[in-house]
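J.: After the structure tokens below, expect a handful of questions from me.
Residue numbers (this note's numbering): 5 to 181.
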């Protein structure tokens with residue numbers, strides 16, 4: 005019975021992250037460690053970036069640190085191994101703490117559209133999900149809406165291609181809904 009429940013949870017979570025083209029949302033607060041650990045690599049990466057942005061806002065950090073992100077993901081995954089029924093949010097709070105101050109140097113308020121467009125696809129995607137998590141935390145919204153994120157991303161890319169010297173937050177504020 006437990007195996008069936010875990011399989012059902014995996015299917016539900018995987019389908020929530022499987023395709024951004026479908027009308028899909030996921031309440032981030034409800035994702036358990038077991039579900040997170042069972043996610044395929046691509047959805048897990050997106051989820052992790054979104055959560056990193058969420059906690060950056062909660063701790064009033066305005067920077068992007070790719071290395072710190074990887075370290076934190078490893079820490080949370082380790083904590084989740086021992087706590088599969090706990091929420092990932094609880095794991096993040098215990099593993100990294102919302103008040104931790106890392107040695108980051110990339111303030112996202114200073115990332116220009118041109119710089120962001122020059123990032124490789126994986127780094128662009130990380131920043132996209134990070135910023136979504138950040139702004140959703142600012143709105144006290146724990147719902148990750150893939151359709152909305154995709155629409156906003158397309159609008160921001162279009163804006164950035166025409167306004168490369170503008171900052172990414174300016175592009176998001178001018179184009180995201």
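Don't be surprised by glycine CBs; every beta carbon is placed ideally from N, CA and C.
Ignore the nearest five residues each way along the sequence and tell me which others in residue 173's own chain have a CB closer than 6 Å to its CB.
T.: Around residue 173: 113.
J.: Would residue 92 and residue 115 be called neighbours here (beta carbons separated by less than 9 Å)?
T.: Their beta carbons are not under 9 Å apart, which means residue 92 does not touch residue 115 by this criterion.
J.: Please name the residue in 59, 124, 171, 169 whose C-alpha comes closest to that of residue 94.
T.: Of the candidates 59, 124, 171, 169, the one whose C-alpha sits nearest the C-alpha of residue 94 is 59.
J.: What separation, rounded to the nearest whole angstrom, lies between the Cα atoms of residue 78 and residue 38?
T.: Answer to the nearest angstrom: the Cα atoms are 15 Å apart.
J.: What does the Cβ neighbour count give for residue 65, buried or exposed, with the cut at 16 atoms within 10 Å?
T.: Buried, because 16 or more other Cβ atoms sit within 10 Å of the Cβ of residue 65.
J.: Exposed or buried, which one is residue 169 when buried takes at least 16 other CB atoms within 10 Å?
T.: Flag for residue 169 reads exposed.
J.: Flag this pair as yes or no: are the beta carbons of residue 138 and residue 40 separated by less than 9 Å?
T.: For residue 138 and residue 40, no; Cβs fall outside 9 Å.
J.: Per DSSP, what kind of secondary structure is residue 56 in: helix, strand or coil?
T.: Helix, per DSSP.
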